[in-house]
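Just so you know, numbering that gives the first Met the number 0 puts 13 at position 14 of the sequence shown, and the rest follows in order with no gaps.
Inspection log for the structure reproduced underneath, given as structure tokens.
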Amino acid sequence: MKTKVNYRCFRGCPGEYSVFDVIYTCPTCGGLLEVHHEREPLQTRSAAGWMNLLDQRAGTTQWPYGSGVWAMKEWVMPDVADENVVSMFEGNSNLFWAERLG
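Pasting the structure below:
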């Protein structure tokens, strides 16, 4: 699945910027940039299909999908190769009782 992902100004200034560029604010107004995803490629799978896929990935140890963030790789950064993902399987981890803490 190839999808277009880019930054756009939150305030609506014209222009699109690559998510691979180190840029945090709009060059025109200085406002924040937001990540924009092209929706059409994501709509090729039904809502039930997405739910099934994400349920299968929940709690898995398969790289990189064991992470709470990267389990939704297609929604986050679909064009990043698996070998370039940096993760410590964060998210979807259990909370543990800390009986000695107040």
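Glycine is no exception: its CB is placed at the ideal position from the N, C-alpha and C atoms.
Bear in mind the structure is a predicted one, so any value in this text is a computation, not a measurement.
Assuming residue 33 and residue 9 are in contact, meaning their beta carbons sit under 8 Å apart, how far apart are those beta carbons, in whole angstroms? Taking the sequence shown and counting its residues from 1, the one referred to as residue 33 is at position 34. Taking the sequence shown and counting its residues from 1, the one referred to as residue 9 is at position 10. Indeed they touch by this definition, with Cβ atoms about 5 Å apart.
Examine the Cβ distances between the stretch 8 to 22 and the stretch 41 to 53 and report whether three or more of them are shorter than 8 Å. no
From the DSSP output, in three-state form, read off residue 7 for me. Residue mapping note: residue 7 aligns to position 8 of the sequence shown, counting from 1. Here residue 7 sits in strand by DSSP.
For residue 14 versus residue 27, is the C-beta distance shorter than 8 Å? As a working mapping, residue 14 is identified with position 15 in the sequence shown. As a working mapping, residue 27 is identified with position 28 in the sequence shown. A contact, by the Cβ cut-off of 8 Å.
On the CB-based measure, 16 or more other CB atoms within 10 Å of its CB, does residue 56 come out buried or exposed? Taking the sequence shown and counting its residues from 1, the one referred to as residue 56 is at position 57. Classification for residue 56: buried.
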